[in-house]
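Reading through the structure tokens given below for one structure.
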Amino acid sequence: MIPGGQPNMQQLLQQAQKMQQDLAAAQQELAETPVEGSAGGGLVKATVTGAGELKGLVIDPKAVDVESAEETAETLADLVLAAVRDANASAQQLQQQKLGPLAQGLGGGSGIPGLPF
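If you count by full-length UniProt numbering, then the sequence shown holds residues 1 to 117, one letter each, in order.
Printed below as a string of structure tokens:
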């Protein structure tokens with residue numbers, strides 16, 4: 001603060017730039033961090049980035065019943081959805097861990113465009 005109670009604008013700008021750099025670094029780290037989810041006791045595994053982008057899907061051959069193709073297709077669809085949802089839930093938790101403290105520094109995190117919280 002400078003005399004008279006006014007904030008030092010240069011200092012505020014430097015703090016804002018640092019927060020912006022920290023936020024960009026955290027977002028980059030999220031985009032590169034793999035997070036796994038599973039369903040059916042591990043029969044289906046989905047891998048997403050910390051930003052929620054689906055990167056991989058593994059289906060255990062034990063999940064396939066060759067005698068009942070229609071039932072297997074329905075079951076696999078359900079398991080894939082569940083695994084992706086599980087992975088995305090983990091990715092959202094990771095986002096909260098990485099971006100939550102930064103958002104609080106920007107005024108509490110509510111109403112900040114582009115942030116999921």
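Just so you know, even glycine gets a beta-carbon here, dropped at the ideal spot from N, CA and C.
Given the structure is predicted, the values throughout are model-derived calculations rather than measurements.
Would residue 84 and residue 54 qualify as a contact pair, given that the criterion is a beta-carbon distance under 8 angstroms? Closer than 8 angstroms, so yes.
How big is the Cα-Cα spacing for residue 81 and residue 71? Roughly 16 angstroms separates the two Cα atoms.
Is it the case that the Cβ atoms of residue 50 and residue 30 are separated by a distance below 8 angstroms? Cβ distance < 8 angstroms, so residue 50 and residue 30 count as in contact.
Three-state secondary structure (DSSP) of residue 43: Coil at residue 43, not helix or strand.
For residue 40, which residues from the same chain have a beta carbon less than 6 angstroms from its beta carbon, with the 5 sequence-adjacent residues on both sides left out? Same-chain partners within the cutoff: 79.
Is residue 91 closer than 8 angstroms to residue 56 when the C-beta atoms are compared? At least 8 angstroms separates the beta-carbon of residue 56 from that of residue 91.
Would you mind stating whether residue 33 and residue 102 have Cβ atoms separated by less than 8 angstroms? Against a cut-off of 8 angstroms, the Cβ pair of residue 102 and residue 33 comes out as no contact.
Residue 18 lies in the alpha helix (DSSP H); which residues open and close that run? It spans 9-32 - the alpha helix (DSSP H) in which residue 18 sits, taken as one unbroken run.
Residue 120, enclosing beta strand (DSSP E) - first and last residue: Residue 120 lies beyond the stretch modelled for the chain, which goes from 1 to 117, so this question has no answer here.
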